[in-house]
């Protein structure tokens with residue numbers, strides 16, 4: 001039986017501002033098994049990065065606040081950990097690759113110093129051993145060890161992202177969170193970086209949460225996928241289940257907006273409307289104002305619970321509550 005390394009239960013996060021309370025994550029529940037990659041997919045502002053920062057306990061406070069739920073990592077609730085305990089976990093057991101490699105590195109320290117810093121914090125190696133391990137991880141991500149003493153400005157965007165990956169993986173963490181790791185890179189470099197992350201994940205047997213808005217990336221890298229909308233997981237399941245047996249109207253809309261090389265179309269089919277303001281979320285289903293299948297009860301339901309479709313395929317939609325099927 002596969003061992004669950006991370007389980008998030010009903011995680012709720014909000015940002016308290018002068019304009020009101022922005023509900024960024026609303027009872028988010030998901031799990032990741034050992035050596036598994038889960039893709040978290042959604043539009044900008046859907047709550048993907050907020051969920052990741054919640055796992056790392058790096059929410060800016062104020063204004064960010066966890067208002068409920070649990071984040072169970074290797075059997076322990078991270079939300080009950082002290083700041084000191086989390087500092088020992090971050091970088092060693094859980095690491096994160098942030099969106100923009102250009103701003104993730106310290107411009108006044110060499111890349112070697114920045115990789116070595118993680119080892120100094122989480123190991124008791126000698127200085128010579130730390131430097132050797134840092135050079136090894138540089139080579140592992142495809143950078144010559146001779147560049148150990150160079151500064152970030154001497155590297156291209158793709159090479160900087162490789163350095164960031166090296167920093168994240170140097171302590172061989174159990175869980176890697178990759179927050180849109182290819183956003184700022186050229187298309188050809190994106191493929192190389194994703195292939196590198198996937199190869200290293202397999203080699204080091206690391207579990208991964210991959211945050212992205214690109215379903216093509218998910219298809220190449222992930223084992224399972226969770227679709228998030230307005231801070232809620234609306235559909236979750238294996239790659240095969242989500243891609244071949246798509247259920248939630250929002251997920252259907254995402255797939256319809258992707259070009260299909262096997263099908264001739266005059267225009268792509270978009271999703272009408274915009275995602276709701278997180279400070280003024282609608283009652284009932286958050287997708288109801290944009291949904292072609294919306295019924296009166298969808299707009300008024302107090303709580304919409306996920307429905308089991310098959311295996312671990314779940315969908316949060318009233319259309320499946322009775323029969324489990326609906327014509328899209």
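Numbering (my numbering), first residue to last: 1 to 328. Quick reminder that beta carbons are idealized off the backbone N, C-alpha and C, glycines included.
Check	Outcome
Where the beta strand (DSSP E) through residue 314 begins and ends	313–315
Inter-residue spacing [alpha-carbon to alpha-carbon] between residue 226 and residue 127	42 angstroms
Top-ranked residue by Cα proximity to residue 147, from 115, 172, 232 and 124	115
Other residues of its chain near residue 249: CB distance less than 6 angstroms, five sequence neighbours each side excluded	291 and 293
Alpha carbon of residue 196 to alpha carbon of residue 165, nearest angstrom	9 angstroms
Selected residue, minimal CA-CA separation from residue 274, among 253, 205 and 93	253
The stretch 8–27 touching the stretch 228–247, judged by at least three CB pairs closer than 8 angstroms	yes
First and last residue of the uninterrupted alpha helix (DSSP H) at residue 309	Here residue 309 belongs to no alpha helix (DSSP H); instead the beta strand (DSSP E) covers 307–310.
Start and end residues, beta strand (DSSP E) containing residue 157	Premise fails: residue 157 lies in the alpha helix (DSSP H), 157–169, not in any beta strand (DSSP E).
Residue ranges of each beta strand (DSSP E) within the stretch 142–230, 3 or longer	175–179, 207–212 and 224–229
Span separating the alpha-carbon of residue 187 from that of residue 199	19 angstroms
Which residues DSSP lists as bridging residue 273, in chain order	Per DSSP, none; premise fails for residue 273.
Cβ contact (3+ pairs, closer than 8 angstroms) linking the stretch 94–110 and the stretch 175–185	yes
Closer than 7 angstroms: residue 304 CB and nearest the ligand GDP heavy atom	The ligand GDP is not part of the structure shown, which contains no ligands of any sort.
DSSP-derived helix/strand/coil call for residue 108	coil
Extent of the continuous alpha helix (DSSP H) to which residue 250 belongs	249–256
Segment contact flag, the stretch 78–93 with the stretch 49–66, C-beta cutoff 8 angstroms, min 3 pairs	yes
Supposed contact pair residue 205 and residue 35 - C-beta distance, whole angstroms, cut 8 angstroms	5 angstroms
Candidates 238, 13 and 3, of which the one nearest residue 65 by Cα	13
Length at least 4, wholly inside the stretch 35–120: the alpha helix (DSSP H) runs in chain order	48–56, 83–89 and 101–104
For residue 287 and residue 209, the rounded distance between their alpha carbons	24 angstroms
Neighbour-count burial assignment, residue 241, 16 or more Cβ in a 10 Å radius	buried
Between the CA atoms of residue 157 and residue 102 - distance to the nearest angstrom	7 angstroms
Residue span of the beta strand (DSSP E) that contains residue 6, given as start and end	4–17
Check whether residue 162 and residue 130 have beta carbons under 8 angstroms apart	no
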